[in-house]
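Position one of the sequence shown corresponds to residue 139 (the numbering used here), numbered consecutively onward.
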Amino acid sequence: LLFAQPHPPPPEPVDVNAVLRQVVLLTERGRVSSSAPIETELKPDLPPLMGSGEQMLQAFLNLVRNALDAVDGGGAVRLRTYGETAANAPWVVVEVANPGRLPEIDPERLFDPFYSTKPGGTGLGLTITHQIVTAHGGSIEVRTTGDETVFTVRLPLISPGDLEART
């Protein structure tokens, strides 16, 4: 059984905060099971990243839907963005957090195709999210601290000078 491989992202500037606002809107409209609120803390004026807004939308929809599915007994899903510098390069960081701990699993397997901890889950959402993030030059990791699970996505930013040179 094959699953969709994301196509290389077209080089266009993507406002990650705008993508996340769209994720919240689409998620609120399409909710069926979870009534957990989605709280946002989006750093204003983040520079754009280069890639596919459509693919970023898919990746973050997958993460937010999983977070909503994991909220059990109250609490909110939190979306947070901020910038950081690592290895002398600027990055945008997106955190998707929810109350609750991951089941006792090998975190390395979490992004494997067809691996799911949800009854009836396909095990493709996090795999596709991982592929999209890495195709954009980024990374994704998960950690559980206390009673919270946080997925952290790091994506390379482009500077205003780089943006002008590319357009």
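Just so you know, even glycine gets a beta-carbon here, dropped at the ideal spot from N, CA and C.
*By the 10 Å Cβ neighbour count, where 16 or more other Cβ atoms means buried, how is serine 173 classified, buried or exposed?*
exposed
*Extent of the continuous beta strand (DSSP E) run through asparagine 200*: Not the beta strand (DSSP E): asparagine 200 falls in the alpha helix (DSSP H), residues 191-208.
*asked:* Between alanine 174 and chain B, is the shortest Cβ-Cβ distance under 8 Å, so that the two count as touching?
replied: No chain B appears in the structure shown, which is made up of a single protein chain.
*Kindly indicate which three-state DSSP category leucine 164 falls into: helix, strand or coil?*
helix
_Alpha-carbon spacing of serine 190 relative to valine 152, whole angstroms_ = 7 Å
*Would you check if the stretch 198-208 and the stretch 177-184 touch, i.e. whether three or more CB-CB distances between them fall below 8 Å?*
no
*asparagine 226 by DSSP, collapsed to three states: which one?*
coil
*Going by other Cβ atoms of all chains shown within 10 Å of its Cβ, with 16 needed for buried, is alanine 235 buried or exposed?*
buried
*Determine, using beta carbons only, whether glutamate 179 and alanine 214 come nearer to each other than 8 Å.*
no
*Could you name the residues of the same chain whose beta carbon sits closer than 7 Å to that of proline 175, not counting the 5 residues immediately before and after it, in chain order?*
Ala214
*Can you grab the Cα-Cα spacing for the pair phenylalanine 252 / asparagine 200, in whole Å?*
Summary for phenylalanine 252: the model assigns pLDDT 49, below 50, so the residue's position carries little reliability; its value from the coordinates is reported in the next sentence. Phenylalanine 252 and asparagine 200: Cα-Cα distance of roughly 15 Å.
_Measuring straight from C-alpha to C-alpha, what distance separates asparagine 155 and threonine 282?_
24 Å
*asked:* Tell me the rounded alpha-carbon separation between methionine 194 and glutamine 160.
replied: 11 Å
*asked:* Can you list, in chain order, the residues of its chain with a C-beta nearer than 8 Å to that of valine 271? Leave out the 5 residues immediately preceding and following it.
replied: Ala197, Ser277, Ile278, Val291, Leu293
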